[in-house]
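**Student:** Take a look at the following structure, please.
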Amino acid sequence: MSKIIVTGALGILGRATVDHLVASGATVTAIDLAEDVSASSAQHAIGGVNLTDETSVATAFKSASDAMGGLTGLINIAGGFTWEPVEGGDIASFEKMFAINLKTATLASRAAIGLMSGGGAIVNIGANAVSAPGLGMAAYAASKAGVHALTQSLADELASKSIRVNAILPTILDTPTNRADMPDADTSAWVKPEAAAEAIGFLASDASRAITGALVPVNRGG
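Mapping the sequence shown onto numbering that gives the first Met the number 0, position 183 (from 1) lands on 182, and the numbers just tick up by one.
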């Protein structure tokens, strides 16, 4: 049975992913910065975890592995977005994006590796926007480019441990926040969180056992 940690599990994509994994028969531990994780459908949940702090991550992951009786998968969903031009912007935006998008994925992966004694799968969340970032996207896209590099480098590093590492690269997710921020947008091509969750679930499953180091576009509506 799959035993999977999902970080950022209380967000829109996190909840959809947890729901999908649990429905697929996996045992899941939901981990989030939020203190109250009672709304999660995961069998186990740990709140109040600062995923930018290595000690906090290691402690939470050990507790999760103990509760599930092992670890076979990690889904790194924790992260965020900011829109801000470089000129006149705050350098703190770069620091924040790298901390919550790249550092969290790195620390979580480091913590998971030692707990996946029998191999497993790590799935990261990249971004389609990295390929052609526009105005105001520098901080976000740069941090996600780091996630892409982390994914491919770790895939090579962990091949001998039978740990696969892949990432999905979503376009715009169809969330209430994005609809509120872009009220006049054509949402027909936006990706439903449930559809993205299915792609994540595939990459975490044995069905994708021959795939590692892949950056998979998730770019269709429906």
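C-beta: ideal position from N, C-alpha, C; glycine also.
(1) With a threshold of 8 Å on Cβ separation, who are the neighbours of Gly117 within its own chain once the five nearest residues in sequence on each side are excluded?
(2) Beta-carbon within less than 7 Å of Ser62's beta-carbon, same chain only, minus the 5 sequence neighbours each way: which residues are those?
(3) Ignoring anything shorter than 4 residues, give me the alpha helix (DSSP H) runs that lie fully in the stretch 62 to 97, in order along the chain.
(4) Output needed for Asn75: all residues of its chain with C-beta closer than 6 Å, excluding positions within five of it in sequence on either side, in chain order.
(5) Use the C-beta contact count for Asn49: other C-beta atoms within 10 angstroms, 16 or more gives buried, fewer gives exposed.
(6) Rounded to whole angstroms, what is the Cα-Cα separation between Pro84 and Thr186?
(7) Between the stretch 194 to 202 and the stretch 161 to 170, do three or more beta carbon pairs fall short of 8 Å?
(8) Ile30: which of Ala8, Gln42, Ala38, Arg14 sits nearest, CA to CA?
(9) Going by CA-CA distance only, name the one from Ala196, Ala110, Ser142, Ala184 that's closest to Trp57.
(10) By a C-beta neighbour count over all protein chains shown, 10 Å radius and 16 as the cutoff for buried, is Ile99 buried or exposed?
**Tutor:** The short version:
(1) The residue you call residue 117 lines up with position 118 of the sequence shown. Closer than 8 Å at Cβ, skipping near neighbours: Gly69, Thr71, Ser161.
(2) In the sequence shown, counting from the first residue as 1, residue 62 sits at position 63. Closer than 7 Å at the Cβ level, and outside the excluded window around Ser62, lie Ile45.
(3) 90 to 96
(4) On the sequence shown, position 76 is the one that residue 75 refers to. Result list for Asn75: Thr6, Ala104, Ala107, Asn123, in chain order.
(5) Position 50 of the sequence shown holds residue 49. Exposed, because fewer than 16 other Cβ atoms sit within 10 Å of the Cβ of Asn49.
(6) Within the sequence shown, the letter at position 85 stands for residue 84. Within the sequence shown, the letter at position 187 stands for residue 186. Answer to the nearest angstrom: the Cα atoms are 25 Å apart.
(7) yes
(8) In the sequence shown, the residue the question calls residue 30 occupies position 31. Of the candidates Ala8, Gln42, Ala38, Arg14, the one whose C-alpha sits nearest the C-alpha of Ile30 is Ala8.
(9) Locating residue 57 in the sequence shown gives position 58, where the first residue counts as 1. For clarity, residue 57 is Ala in the given sequence; the question names Trp instead. The option with the nearest alpha carbon to Ala57 is Ala110.
(10) Position 100 of the sequence shown holds residue 99. Classification of Ile99: buried, given that the 10 Å Cβ count is 16 or more.
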